[in-house]
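Working notes for the structure below.
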Amino acid sequence: MSIYYLCFFTAVIHLIATLSYGVRIAGARTGKVAFCLSIFNILVLVSRTSNTLLTPTLSKRVEVAVERTPDAAAAILSHDFQLLMLSASVATLVGATLIPSFQRYMTSVVGSFDRFPSLPRMVKFALSKPGIAALGSAAAVPSKANFGFLGTAYRLPWNIFTMNVIGSGLLATGVLSSLYAGVFAPELRMTTSNLSAVVNFAGTIMLFAFVDPYLSYVTDGAAKASEGDAKLRAAVFGMAGSRLLGTVLAQVLMIPGAQLIVWIAKIIPS
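Numbered per this note's numbering, the sequence shown spans residues 248 to 517.
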């Protein structure tokens, strides 16, 4: 399969993950926070499980590459994997730009659930002519208020911002580093490929144990008080911005991460 097809699938994964932040704003504005969070979890699950679909194809590329000389394999895979992470960064940037439009559209779609109390019927409405018309009317560009996380009024806590950068970077590079480690230790490539779970676990802990509770707290605050809406929008764009930096960090971490995975694979007792 062409690397450009894989870049497209990777871009879709990261686009969905970034847009899912906008679901929280829709939840706060409609008052259906729990319902919107369930949709949020579905979107995140799609982006996470899609990585599983890419892994076999990427593994095959590694298997074919290691049959060449080590230098040739390293050059080919480094080029391919850097393209994949670049597509992740571009998709994240596009997703952040589309968050205002997406959250307005999700607000109208979630509001339709009162008329159609069924998830399949809500999806049908989203794909119907009125739903598509709502998508066109929801078009908007990010306002200056969305960048409040850079100011003092709604500054995003730097520990949350930093953990989202690191966690996003680890998740973006976990599979790629474990596969690239097969170039450094072809005889251990089955072991190294399974060690991606270690990297992904560390990233998941940061995101779901520390970052997500804070964002949920801000979402609840926005649902209870109108003045909390600006804080939530600033937090959402802070999350999107830190996620973008995380995909950039992934490009830096890929090769050192692969070398660390090789070291771990070698010290595992047989």
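Using N, Cα and C, we set each Cβ at its ideal position, and we do this for glycine too.
Residue i - DSSP class collapsed to helix/strand/coil
i, result
"Val293", "helix"
"Gly342", "helix"
"Val313", "coil"
"Pro364", "coil"
"Ile452", "helix"
"Lys471", "helix"
"Pro503", "helix"
"Pro404", "coil"
"Pro516", "coil"
"Leu435", "helix"
"Ala387", "coil"
Exposure of residue i, with buried meaning 16 or more beta-carbon neighbours within 10 Å
i, result
"Phe455", "exposed"
"Pro531", "Residue 531 is absent from the model: the chain starts at 248 and stops at 517."
"Phe448", "exposed"
"Gly493", "buried"
"Thr277", "buried"
"Ala338", "buried"
"Met437", "exposed"
Residue closest to residue i, alpha-carbon to alpha-carbon, out of the options
i, options, result
"Ser334", "Ala258, Thr277 and Lys376", "Ala258"
"Leu418", "Ala264, Ala432, Tyr251 and Cys254", "Ala264"
"Val357", "Pro347, Thr438 and Val370", "Val370"
"Ser415", "Arg436, Gly383, Phe457 and Ala380", "Phe457"
"Pro503", "Leu426, Cys283 and His261", "Leu426"
"Leu435", "Leu479, Cys254 and Val309", "Val309"
"Leu340", "Ala512, Leu491, Val495 and Arg480", "Leu491"
"Trp405", "Thr439, Tyr461 and Phe360", "Tyr461"
"Tyr251", "Pro303, Ile515 and Met332", "Met332"
"Asn411", "Pro367, Arg271, Phe431 and Thr451", "Thr451"
"Leu290", "Ser489, Leu305, Arg271 and Ser365", "Arg271"
"Phe282", "Ile514, Leu301 and Asp361", "Asp361"
"Trp510", "Phe431, Met453 and Ala469", "Phe431"
Presumed contact (8 Å Cβ cut-off) between residue i and residue j, rounded CB distance
i, j, result
"Gly342", "Ala497", "Incorrect: roughly 16 Å between the Cβ atoms, too far for contact."
"Leu382", "Tyr352", "5 Å"
"Ile508", "Thr439", "5 Å"
"Ile246", "Ser294", "Residue 246 falls outside the range modelled here, since the chain spans only 248 to 517, and no answer is possible."
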